[in-house]
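K.L.:
Numbering (my numbering), first residue to last: 336 to 532.
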């Protein structure tokens, strides 16, 4: 009887060991299969890469509005006109948005010769009139609600190798208060572009 009990225990122990080994092997196989799963792609992968270039004609590379006096567009000083060119040097057609951003604080910090000018406050942007190319006229106050906000001035679409030149003319509104005279505004031209099909 003792031998039979020992045989039964040995048989159960052997079955238990093999059962545990079988479970471990199944779990390891399943885990390996999950983490080594692969999918085959039958389509070519396409990555579009392109470039574009923007040039602003200004001695500082930025639009600096200083020493402007109340005027009309036709009487505005010649140095209040800024020209910029957007050129698509890439291989894809692009759509772009040209915007202006107030950069006066950073500009004055790096150009000490402008420290004598007070910055034009946001509340007085409406006194700065502008004309974009030959068709859009407005004032900066109508485009901006917060300093640092992009003020959109133009849009366009360019094919590869094409370029467009635009001009922005600024003048102080004839009805501007006297405390606006002698202030400065440094605007940075920002062009955001996306590839189009």
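Cβ coordinates follow ideal geometry from the N, Cα and C atoms, glycine included. Quick caveat, the model's predicted, so the values are computed rather than measured.
Return helix, strand or coil for residue 465, following the three-state DSSP convention.
P.N.:
Working through the chain shown from its first residue, we reach residue 465 at position 130. Strand, per DSSP.
K.L.:
Unbroken beta strand (DSSP E) runs of length 3 or more, entirely within the stretch 393-443: which are they?
P.N.:
398-400, 416-422 and 429-437
K.L.:
When DSSP labels each residue in this structure, what does residue 477 get in the three-state scheme?
P.N.:
For the purposes of this step, residue 477 is identified with residue 142 of the chain shown, where counting begins at 1. Helix at residue 477.
K.L.:
Please name the residue or residues paired with residue 507 in a DSSP beta bridge.
P.N.:
If you number the chain shown from 1, residue 507 lands on position 172. Residue 507 is bridged by DSSP to 405 and 463.
K.L.:
What does a CB cutoff of less than 6 Å around residue 455 pick up in its chain, not counting 5 residues either side in sequence?
P.N.:
Taking the first residue of the chain shown as 1, we reach residue 455 at position 120. So the qualifying residues of the chain are 518 and 520.
K.L.:
Rounded to whole angstroms, what's the CA-CA distance from residue 563 to residue 421? Just pull it up for me.
P.N.:
This structure cannot settle anything about residue 563, because the visible part of the chain is limited to 336 through 532.
K.L.:
Considering only C-alpha positions, which residue in the set 409, 434 and 403 is nearest to residue 490?
P.N.:
Taking the first residue of the chain shown as 1, we reach residue 490 at position 155. With distances taken between Cα atoms, residue 490 lies closest to 434.
K.L.:
So what's residue 499 in DSSP terms, helix, strand or just coil?
P.N.:
Here the question's residue 499 lines up with position 164 in the chain shown. Here residue 499 sits in strand by DSSP.
K.L.:
If you run the structure through DSSP and keep just helix, strand and coil, what is residue 455?
P.N.:
In the chain shown, the residue the question calls residue 455 occupies position 120. Three-state result, residue 455: coil.
K.L.:
Nearest CA to the CA of residue 458: which residue from 514, 365, 364 and 532?
P.N.:
The residue given as residue 458 occupies position 123 in the chain shown. Taking only the C-alpha atoms, the option nearest residue 458 is 514.
K.L.:
Report the option in 523, 450 and 403 whose CA atom is closest to the CA atom of residue 511.
P.N.:
The sequence position of residue 511 within the chain shown is 176, counting from 1. Here the closest residue by C-alpha is 403.
K.L.:
Considering only C-alpha positions, which residue in the set 526, 352 and 425 is nearest to residue 419?
P.N.:
Taking the chain shown and counting its residues from 1, the one referred to as residue 419 is at position 84. Measuring from the Cα of residue 419, the nearest candidate turns out to be 526.
K.L.:
Buried or exposed: which applies to residue 502, given that a residue is buried once 16 or more other Cβ atoms fall within 10 Å of its Cβ?
P.N.:
For this step, residue 502 is matched to residue 167 along the chain shown. Residue 502 is exposed by the Cβ-count criterion.
K.L.:
Look up residue 359 in the DSSP assignment and give the residues it is bridged to.
P.N.:
Numbered from its first residue, the chain shown carries residue 359 at position 24. None; residue 359 has no bridge partner.
K.L.:
Where does residue 484 fall in DSSP's three states?
P.N.:
Indexing the chain shown from 1 puts residue 484 at position 149. The answer is coil: DSSP assigns residue 484 none of H, G, I, E or B.
K.L.:
Output the distance between the C-alpha atoms of residue 505 and residue 378, rounded to the nearest integer angstrom.
P.N.:
In the chain shown, residue 505 corresponds to position 170, counting from 1. In the chain shown, residue 378 corresponds to position 43, counting from 1. Taking the straight line joining both Cα atoms gives about 53 Å.
K.L.:
Measure the C-alpha to C-alpha separation of residue 531 and residue 425 and round it to an integer number of angstroms.
P.N.:
Along the chain shown, one-based indexing puts residue 531 at 196. Along the chain shown, one-based indexing puts residue 425 at 90. Note on geometry: alpha-carbon atoms of residue 531 and residue 425 lie some 12 Å from one another.
K.L.:
Going by C-alpha to C-alpha distance, which of 460, 415 and 468 sits closest to residue 477?
P.N.:
Walking along the chain shown from the start, residue 477 turns up at place 142. Closest by alpha carbon: 460.
K.L.:
For residue 452, which residues of its own chain have a beta-carbon under 8 Å away from its beta-carbon, when the five flanking residues on both sides are left out?
P.N.:
Walking along the chain shown from the start, residue 452 turns up at place 117. Result list for residue 452: 401, 443, 517, 518 and 519, in chain order.
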